[in-house]
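J.: Can you read through this structure? Questions will come right after.
Protein chains in written order, with the working numbering: chain W, 1 to 274; chain P, 1 to 274.
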């Protein structure tokens, strides 16, 4: 099959391209949507509204705005600042026309992950009404436990589901990324829970290479590693998700190659999922 | 306090020292025990029995032999080979006089973690009687999920407890390493389960540095990172564990420094735990 109608690519995946060039290239390749990173907009020189219009003008949908979060801190004043910052990010998402902000929730060395998750819950609760008023959803993205030191205290789907339960707002849901969650024995069941509660908001794909060289920037293309990406995608679909399948890859190797060739490889790897 | 009676150090922690030099230095520093890695014995030129006698001759106990495992493979013949290899490792442990072999259980790209855990369970079940006959225990060491690609499909205490339940042998238990398990919200309760079932066999300490530079060889000394080592030690003690507290650190940084100075830092960091 050659259906690209669900294929979305994160601007950071093809980082050497600016947001305008990425929009043109994605459009020419038949890619349906782009998830837009803050830095890509900042370096474009365009306003968020102009950037969104420009991307859509190429026929490419804006799937998500990446990223908010980082709600944890030892000091209350820093946590309040994070909430203000997240409201600003929500406004940027609304301006660019993104229906969703992905949240990398934060963690703070020196306090327990339990305390950090409590602060995350409080921070999201203090932001969600602002998001709803702006017509923007928030997606908690559980990160791999190797990022629990300072990037995110939310490291599994069940923790994300628990926070969603506690906040209890229809604009709050979850972003499932295969890279962060593939190892979790509870993944299928927690995806089903999230689907049943209408909170599967977005789905990120890539692969975990065997013995990565780098904890951050050595992700693989789908099929290049150990994750059963098609299998997890089926779990997400079984749970009712029918949104974009977003290719988000941080890779020094791929950023260094010709980005046109890379885009062709992304399409090929995506289509090979079947 | 300055009680070193529970302090054990893994030979790999001070890798630049051979096993004989390590034994002398540990003894002079008042370190109670050594956990001995296979490569340290091999490079000593001594038999396992001679190495064990030499270490004990310095007044240093042999706590564990490291390491067995790697039970998974796509082919049955390779899995049988792994069982034979583990029996040989058990014999080496008996010869060196170690009461315990630590198991890094293995994982195989191309098969699911569920299948790998089944193979691990089968492999341990096929090895445990041999171990018992040799007077050696086996300790499943859950590894961090970032090692689930090819090092271990056992990534949490609850998975280790489940395998112990299934095999059901008093010579099979668990090695808890703070580096691998600190992120797990179920850690305290699963430690309690393991303690109640008499299967907390050994306890490894180090620290997770904030933003490690390397997935394998950038571990920190206790107190240098984000893990509440004293807190986890208290959970282990609450569960009835009163064995050695084993410092196991893979670190390019520490291997490069003067090992006498490093040993002094290890003692200092250990005593600072209180």
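C-beta: ideal position from N, C-alpha, C; glycine also. None of the values given here were measured: they were computed from a predicted structure.
Give the single residue among W:2, W:202, W:36 and W:118 whose Cα lies nearest to the Cα of residue 154 (chain W).
T.: That would be W:118, whose Cα lies nearest to the Cα of residue 154 (chain W).
J.: Exposed or buried, residue 3 (chain P), counting other C-beta atoms within 10 Å across all chains shown (16 or more means buried)?
T.: It counts as exposed.
J.: Considering residue 173 (chain P), what are the terminal residues of the alpha helix (DSSP H) in which it resides?
T.: Unbroken run through residue 173 (chain P) is the beta strand (DSSP E), 172 to 177; no alpha helix (DSSP H).
J.: Check whether the Cβ atoms of residue 40 (chain W) and residue 19 (chain W) sit closer than 7 Å, and answer yes or no.
T.: Contact: yes.
J.: Can you tell me whether residue 199 (chain P) is buried or exposed, with buried defined as 16 or more other CB within 10 angstroms of its CB?
T.: Buried is the call here.
J.: In the region 238 to 269 of chain W, which residue ranges form an unbroken alpha helix (DSSP H) of at least 4 residues, counting only runs that do not cross its ends?
T.: You should have 252 to 255.
J.: Note down, in chain order, all residues in the region 167 to 190 of chain P with a beta-carbon under 9 Å from any beta-carbon belonging to chain W.
T.: Residues passing the 9 Å Cβ filter: 182, 183, 184 and 185.
J.: With DSSP collapsed to three states, give me the class of residue 22 (chain W).
T.: It is helical.
J.: At a CB-CB cut-off below 9 Å, which residues of chain P make contact with residue 60 (chain W)?
T.: Here the premise fails: no neighbours, minimum Cβ distance about 34 Å.
J.: Considering only the alpha carbon of each residue, which of P:48, P:107 and P:63 lies closest to residue 74 (chain P)?
T.: Among P:48, P:107 and P:63, the Cα nearest to that of residue 74 (chain P) is on P:107.
J.: Straight-line CA distance for residue 157 (chain P) to residue 144 (chain W)?
T.: Approximately 17 Å, taken between the alpha carbons.
J.: What is the rounded straight-line gap between the Cα of residue 124 (chain W) and the Cα of residue 52 (chain P)?
T.: Their Cα atoms are separated by approximately 57 Å.
J.: For residue 167 (chain W), which of W:214, W:129, W:92 and W:176 has the nearest alpha-carbon?
T.: Checked all of W:214, W:129, W:92 and W:176; the closest Cα to residue 167 (chain W) is W:129.
J.: Can you tell me whether residue 233 (chain P) is buried or exposed, with buried defined as 16 or more other CB within 10 angstroms of its CB?
T.: With 16 or more Cβ atoms within 10 Å of its Cβ, residue 233 (chain P) is classed as buried.
J.: Can you confirm whether residue 251 (chain P), when its beta carbon is compared against all beta carbons of chain W, has any partner nearer than 7 Å?
T.: No, residue 251 (chain P) does not count as interfacial toward chain W.
J.: Could you list which residues in chain W have their beta carbon closer than 7 Å to that of residue 275 (chain P), in chain order?
T.: The question about residue 275 (chain P) has no answer here: the residues shown for chain P are numbered 1 through 274.
J.: Quick one: does residue 210 (chain W) have its CB under 7 Å from some CB of chain P?
T.: Yes, because at least one Cβ of chain P sits closer than 7 Å to the Cβ of residue 210 (chain W).
J.: Buried or exposed, going by whether 16 or more other CB atoms sit within 10 Å of the CB of residue 252 (chain W)?
T.: It counts as exposed.
J.: Here's the rule I'm using: 16 or more other beta-carbon atoms within 10 Å means buried, otherwise exposed. How should residue 23 (chain P) be labelled?
T.: Classification for residue 23 (chain P): buried.
J.: When burial is assigned at 16 or more other CB atoms within 10 Å of the CB, is residue 216 (chain W) buried or exposed?
T.: Exposed, by the Cβ-count rule.
J.: Cβ of residue 178 (chain P) within 7 Å of Cβ of residue 227 (chain P)?
T.: Yes, these two residues count as a Cβ contact at 7 Å.
J.: Residue 167 (chain W) lies in the alpha helix (DSSP H); which residues open and close that run?
T.: Residues 157 to 167.
J.: Less than 7 Å between CB atoms is the rule here; does residue 157 (chain W) satisfy it with respect to chain P?
T.: False, the Cβ-Cβ gap to chain P never drops below 7 Å.
J.: Can a CB atom of chain W be found closer than 7 Å to the CB of residue 150 (chain P)?
T.: Closer than 7 Å to some Cβ of chain W, the Cβ of residue 150 (chain P) qualifies, so yes.
J.: Hey, does residue 145 (chain P) have any beta-carbon neighbour from chain W nearer than 7 Å?
T.: It does: the Cβ of residue 145 (chain P) has a partner Cβ on chain W nearer than 7 Å.
J.: How far does the beta strand (DSSP E) with residue 137 (chain W) in it extend, from its first residue to its last?
T.: 137 to 140 is the extent of the beta strand (DSSP E) around residue 137 (chain W).
J.: Measuring CB to CB, does residue 44 (chain P) end up less than 7 Å from residue 66 (chain P)?
T.: Contact: no.
J.: Have a look at the DSSP bridge pairing and note the partners of residue 65 (chain P).
T.: DSSP lists P:36 and P:101 as partners of residue 65 (chain P).
J.: Express the C-alpha separation of residue 127 (chain P) and residue 171 (chain P) in angstroms, rounding to a whole number.
T.: If I take the Cα positions, the gap works out to 11 Å.
J.: Closest Cβ-Cβ distance between residue 226 (chain P) and chain W: below 7 Å?
T.: Yes, residue 226 (chain P) lies at the interface with chain W (some Cβ there is under 7 Å from its Cβ).
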